[in-house]
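Structure first, then comments.
There are 2 protein chains.
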Amino acid sequence: MPHKQVVIIGGGFGGLTAAQSVHDADVVLIDRTNHHLFQPLLYQVATSALSPGDIAWPLRTIFRRHPHVRVVMDEVLSIDRAARLIRLRDSRPIGFDVLIVAPGSRHSYFGHDAWEESAPGLKTLADAVYLREKMLLAFEEAERRRMAIGTGERLTFVIVGGGPTGVELAGSLAEIGRKAMGPDFPNLRLNDLAILLVEGGSRVLPGFSPDLSAKAAAALKRKGVTIKLNSLVSEIRADGLMIGSEFVRSTHIIWAAGNRASPLLTSLGLPQDGSGRIKVQPDLTIPEDPWIFIIGDAAHCADPDGNPLPGIAPVAVQQGRYVARLIREETAPDQRRPFVYADQGMLATIGRAQAVAQIGLLRLSGLSAWLLWCVVHVFLLIEFRSRVRVMSEWVWYYLTFKPGARIIYMKTRQAGEESERRRRASRGLTRKTDVVPTEKIEKQAM
Amino acid sequence: MPHKQVVIIGGGFGGLTAAQSVHDADVVLIDRTNHHLFQPLLYQVATSALSPGDIAWPLRTIFRRHPHVRVVMDEVLSIDRAARLIRLRDSRPIGFDVLIVAPGSRHSYFGHDAWEESAPGLKTLADAVYLREKMLLAFEEAERRRMAIGTGERLTFVIVGGGPTGVELAGSLAEIGRKAMGPDFPNLRLNDLAILLVEGGSRVLPGFSPDLSAKAAAALKRKGVTIKLNSLVSEIRADGLMIGSEFVRSTHIIWAAGNRASPLLTSLGLPQDGSGRIKVQPDLTIPEDPWIFIIGDAAHCADPDGNPLPGIAPVAVQQGRYVARLIREETAPDQRRPFVYADQGMLATIGRAQAVAQIGLLRLSGLSAWLLWCVVHVFLLIEFRSRVRVMSEWVWYYLTFKPGARIIYMKTRQAGEESERRRRASRGLTRKTDVVPTEKIEKQAM
Numbered sequence: 001m002p003h004k005q006v007v008i009i010g011g012g013f014g015g016l017t018a019a020q021s022v023h024d025a026d027v028v029l030i031d032r033t034n035h036h037l038f039q040p041l042l043y044q045v046a047t048s049a050l051s052p053g054d055i056a057w058p059l060r061t062i063f064r065r066h067p068h069v070r071v072v073m074d075e076v077l078s079i080d081r082a083a084r085l086i087r088l089r090d091s092r093p094i095g096f097d098v099l100i101v102a103p104g105s106r107h108s109y110f111g112h113d114a115w116e117e118s119a120p121g122l123k124t125l126a127d128a129v130y131l132r133e134k135m136l137l138a139f140e141e142a143e144r145r146r147m148a149i150g151t152g153e154r155l156t157f158v159i160v161g162g163g164p165t166g167v168e169l170a171g172s173l174a175e176i177g178r179k180a181m182g183p184d185f186p187n188l189r190l191n192d193l194a195i196l197l198v199e200g201g202s203r204v205l206p207g208f209s210p211d212l213s214a215k216a217a218a219a220l221k222r223k224g225v226t227i228k229l230n231s232l233v234s235e236i237r238a239d240g241l242m243i244g245s246e247f248v249r250s251t252h253i254i255w256a257a258g259n260r261a262s263p264l265l266t267s268l269g270l271p272q273d274g275s276g277r278i279k280v281q282p283d284l285t286i287p288e289d290p291w292i293f294i295i296g297d298a299a300h301c302a303d304p305d306g307n308p309l310p311g312i313a314p315v316a317v318q319q320g321r322y323v324a325r326l327i328r329e330e331t332a333p334d335q336r337r338p339f340v341y342a343d344q345g346m347l348a349t350i351g352r353a354q355a356v357a358q359i360g361l362l363r364l365s366g367l368s369a370w371l372l373w374c375v376v377h378v379f380l381l382i383e384f385r386s387r388v389r390v391m392s393e394w395v396w397y398y399l400t401f402k403p404g405a406r407i408i409y410m411k412t413r414q415a416g417e418e419s420e421r422r423r424r425a426s427r428g429l430t431r432k433t434d435v436v437p438t439e440k441i442e443k444q445a446m
Numbered sequence: 447m448p449h450k451q452v453v454i455i456g457g458g459f460g461g462l463t464a465a466q467s468v469h470d471a472d473v474v475l476i477d478r479t480n481h482h483l484f485q486p487l488l489y490q491v492a493t494s495a496l497s498p499g500d501i502a503w504p505l506r507t508i509f510r511r512h513p514h515v516r517v518v519m520d521e522v523l524s525i526d527r528a529a530r531l532i533r534l535r536d537s538r539p540i541g542f543d544v545l546i547v548a549p550g551s552r553h554s555y556f557g558h559d560a561w562e563e564s565a566p567g568l569k570t571l572a573d574a575v576y577l578r579e580k581m582l583l584a585f586e587e588a589e590r591r592r593m594a595i596g597t598g599e600r601l602t603f604v605i606v607g608g609g610p611t612g613v614e615l616a617g618s619l620a621e622i623g624r625k626a627m628g629p630d631f632p633n634l635r636l637n638d639l640a641i642l643l644v645e646g647g648s649r650v651l652p653g654f655s656p657d658l659s660a661k662a663a664a665a666l667k668r669k670g671v672t673i674k675l676n677s678l679v680s681e682i683r684a685d686g687l688m689i690g691s692e693f694v695r696s697t698h699i700i701w702a703a704g705n706r707a708s709p710l711l712t713s714l715g716l717p718q719d720g721s722g723r724i725k726v727q728p729d730l731t732i733p734e735d736p737w738i739f740i741i742g743d744a745a746h747c748a749d750p751d752g753n754p755l756p757g758i759a760p761v762a763v764q765q766g767r768y769v770a771r772l773i774r775e776e777t778a779p780d781q782r783r784p785f786v787y788a789d790q791g792m793l794a795t796i797g798r799a800q801a802v803a804q805i806g807l808l809r810l811s812g813l814s815a816w817l818l819w820c821v822v823h824v825f826l827l828i829e830f831r832s833r834v835r836v837m838s839e840w841v842w843y844y845l846t847f848k849p850g851a852r853i854i855y856m857k858t859r860q861a862g863e864e865s866e867r868r869r870r871a872s873r874g875l876t877r878k879t880d881v882v883p884t885e886k887i888e889k890q891a892m
């Protein structure tokens with residue numbers, strides 16, 4: 001009897017777990033990138049505390065010893081349910097007996113997609129490296145401007161969205177800006193740097209208990225973050241944004257609000273919720289097809305109270321395992337127990353030695369929560385080598401306040417013909433060698 | 447008495463050493479990047495064995511505790527000897543009492559600058575990340591092609607230049623291609639990959655003794671590298687290159703031949719040698735000005751036999767120290783002893799457990815030379831944290847053959863509007879999100 005072919009779309013937490021847990025079948029794992037990304041630590045790459053290679057692992061290497069798992073680096077364009085195959089950008093279509101759709105989510109700009117250009121999000125390593133470089137260059141230019149003309153315009157960073165991503169970014173940015181970068185830029189003063197966290201609701205970390213929200217907000221304020229609650233962004237322009245009716249000048253806006261499931265899902269032709277997620281059956285399948293599963297951020301899966309499960313890693317991991325078991329045991333649809341999420345709690349960090357943790361009835365904050373956060377995240381990293389590297393980076397940073405990845409290298413200042421030629425290089429990879437500084441500096445005539 | 451102002455152009459080995467060794471003066475250190483780059487290990491970033499952050503350190507952090515050293519990230523456009531100042535791209539001109547010119551060198555295309563587009567060099571982190579990404583993507587596409595149509599076109603990498611850089615690149619590429627990547631790409635066969643090292647002279651590593659050259663060549667051949675000696679490149683095109691009268695098809699040509707000193711030097715208006723270096727006095731100054739020094743790759747400094755010293759790190763480091771001492775002691779020109787280079791030998795590695803070392807009369811090859819190479823390079827790294835990271839990466843690689851930095855992230859496959867918009871983002875940093883695969887794959891119509 002031929003092996004069934006299990007196709008998995010997405011190498012994130014859900015897809016990876018499923019691929020690791022399915023046996024006795026041919027598995028094809030497809031991802032747009034060549035790696036599994038540990039997203040919870042992505043903000044640390046964006047703020048130069050970690051390097052990309054510390055939190056990402058090539059999928060091929062993860063499955064090196066699993067000959068039944070084939071890895072394909074490509075983009076899935078559509079899912080053809082009738083023909084039971086998926087169409088890809090650069091490869092032939094791939095047929096499936098079982099399909100697991102785990103493409104994850106992006107940020108939602110609530111209908112204002114044009115804002116993305118001025119307010120990029122943080123979902124991929126490319127995003128993180130881009131933001132890091134932008135941040136480092138902004139400090140360099142602010143320093144140059146102060147040296148050149150003696151005064152400076154305030155460097156304002158705005159983070160939109162007070163959930164875990166926004167809180168972690170704001171806290172990390174404030175810390176690195178003031179404590180780690182400060183000593184390196186002798187001409188900058190503390191109040192040259194402003195960090196603003198904008199949240200539409202009445203508290204940050206709305207998914208946590210109110211007292212932990214309050215503790216997180218207090219910790220952020222102590223680090224120098226200004227929090228604007230009950231504030232909605234009404235417009236984003238190249239030079240700043242409108243928060244309600246107030247204009248805030250900034251060329252460093254990071255979008256960390258809203259979730260929108262992958263556009264790939266529309267090809268399934270099924271009802272989607274407000275965030276684009278597909279409502280799945282209790283066994284995580286789509287209606288009418290007991291062997292097409294949707295898991296992770298892309299699935300609208302109701303908890304016992306009827307609320308959708310949050311788009312966090314432990315949910316995707318548990319769903320991946322659940323689905324893999326159904327496949328291994330070839331459980332008939334009428335024999336399946338519904339998926340039940342075992343709440344493992346939530347963690348969010350604000351910065352060095354500051355975090356909040358909520359696990360069942362347990363509430364932690366401060367140093368103990370931060371240590372728990374560190375331990376959990378280090379052990380969730382999937383490679384021993386990465387655990388060592390990340391742990392050592394954190395220990396180093398804790399002791400020295402020197403973030404480990406503050407290297408600007410995409411922007412190389414090359415004058416004249418050489419960079420012109422590169423600028424026009426249209427063959428193959430385009431290299432980014434002629435980056436324009438985002439903040440203009442008055443040039444002194446000589 | 448006011449402190450004299452010492453301006454140092456370039457944060458490489460020469461400039462960095464000088465900046466660290468000058469006391470009792472105001473030092474301004476200018477570099478186009480924000481970091482000191484450990485160039486001997488750059489080829490390992492290009493072949494994905496190390497991450498950028500492992501071999502580069504922000505200059506500001508290096509001098510954090512030296513308040514008399516000011517770091518400026520900018521490009522020097524010209525040197526005005528008469529007015530004793532330097533002109534920069536984004537900052538005001540900076541005056542100097544003492545000037546140390548240490549801008550390093552680039553590759554030389556021997557008059558064929560147009561070749562650079564198809565055959566990039568390896569001098570900066572941006573170069574290395576670009577080459578790494580290109581290499582990883584090439585493997586991915588070759589795999590896809592084999593999967594799609596069953597046969598493949600050979601993936602040929604050509605490295606031009608048989609000196610240490612070329613040899614190290616070729617050896618590393620061969621190793622990573624065959625041993626580390628092989629298991630990850632089940633559809634690729636060993637002879638899908640061809641690595642060609644092209645050298646104009648009669649042996650590789652011409653600076654080493656002939657027997658070590660022979661050992662290095664033998665080691666390269668055992669790793670699967672094809673060496674072409676006495677071969678000159680006569681033409682480079684988008685699809686390949688002409689070696690003599692033979693055409694070799696390749697879209698992966700790396701240029702590691704020839705050295706050309708920084709074009710900045712022409713503004714000094716002094717005689718330059720064939721590589722653009724400036725001939726310096728025995729005390730490393732330019733004629734007519736006892737307080738303008740040129741060190742490192744940019745200086746043509748004769749050894750006792752009249753030959754110019756090689757452009758290697760130990761030369762630049764010793765010159766940096768020598769010059770700093772003259773400045774510290776304010777030695778009058780007629781009191782200065784000439785600079786004498788203390789030959790510390792040369793090392794070159796071919797791959798895992800394979801290297802050659804030549805120190806005075808000592809000749810080593812194989813595993814012992816490789817261990818020496820590792821130890822020397824780890825201890826030359828300037829930060830303890832980096833030593834730990836690089837050492838751990840090498841140990842990991844030695845044990846597992848899994849290079850630590852095989853992450854493709856600049857190329858994110860995002861369809862439709864989103865990537866179009868980013869492609870047109872002309873404000874601020876341009877993000878590289880729409881990389882075109884360098885090797886075309888036949889698309890199968892469905």
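First to last, the protein sequences are chains S and V.
Residue 46 in our numbering sits at position 46 of the first sequence; the count goes up by one each step and never skips.
So the mapping is simple: our numbering equals the position in the second sequence, first residue as 1, plus 446.
Beta carbons are placed, not taken as given, at the ideal position from N, Cα and C, and that holds for glycine.
Since the structure is predicted, the reported quantities are computational estimates derived from the model, not experimental observations.
Candidates the options, of which the one nearest residue i by Cα
| i | options | result |
| --- | --- | --- |
| S/H252 | S/R260, S/L309, S/E246, S/L241 | S/L241 |
| V/I910 | V/Y768, V/R538, V/I622 | This structure leaves residue 910 of chain V out entirely; chain V is present only between 447 and 892. |
| V/D452 | V/S524, V/F693, V/I532, V/D520 | Looking at the sequence shown, residue 452 of chain V is not Asp but Val. With distances taken between Cα atoms, V/V452 lies closest to V/I532. |
| V/A626 | V/F585, V/V544, V/G541, V/S551 | V/F585 |
| V/H981 | V/R852, V/T846, V/M792, V/I853 | In the structure as shown, chain V begins at 447 and stops at 892. Residue 981 of chain V is therefore absent and cannot be evaluated. |
| S/R65 | S/A19, S/V198, S/A332, S/S262 | S/A19 |
| S/T400 | S/R389, S/R352, S/W370, S/S231 | S/R352 |
| S/R81 | S/R70, S/R89, S/G95 | S/G95 |
| V/V575 | V/I622, V/D719, V/L710, V/Y489 | V/Y489 |
As assigned by DSSP and simplified to three states, the class of residue i
| i | result |
| --- | --- |
| S/R178 | helix |
| V/D751 | coil |
| S/K4 | coil |
| S/G258 | coil |
| S/D24 | coil |
| V/L462 | helix |
| S/P290 | strand |
| V/I853 | coil |
| V/P504 | strand |
| S/G366 | coil |
| S/L347 | strand |
| V/S494 | coil |
Exposure label - residue i; buried when at least 16 CB within 10 Å
| i | result |
| --- | --- |
| S/F379 | exposed |
| V/F603 | buried |
| V/K580 | buried |
| V/N637 | exposed |
| S/E75 | buried |
| V/K661 | buried |
| V/H558 | exposed |
| V/S811 | buried |
| S/I359 | exposed |
| V/H746 | buried |
| S/T412 | Low confidence applies to S/T412: its pLDDT is 41, below 50, so where it sits in the model is not reliable enough to give any reading. |
Beta bridge counterpart(s) of residue i as assigned by DSSP
| i | result |
| --- | --- |
| V/A640 | V/T602 |
| S/K279 | S/H300 |
| S/S105 | S/A261 |
Minimum Cβ-Cβ distance from residue i to chain B less than 7 Å
| i | result |
| --- | --- |
| S/I408 | The chain labelled as chain B is not found among the protein chains of the depicted structure, namely S and V. |
Handout entry: 3 or more residues per run - each beta strand (DSSP E) lying fully within the stretch 218–271 of chain S
Key = With a minimum length of 3 residues, the unbroken runs of beta strand (DSSP E) contained wholly in the stretch 218–271 of chain S fall at 225–228, 233–237, 240–243, 246–249, 252–255, 259–261.
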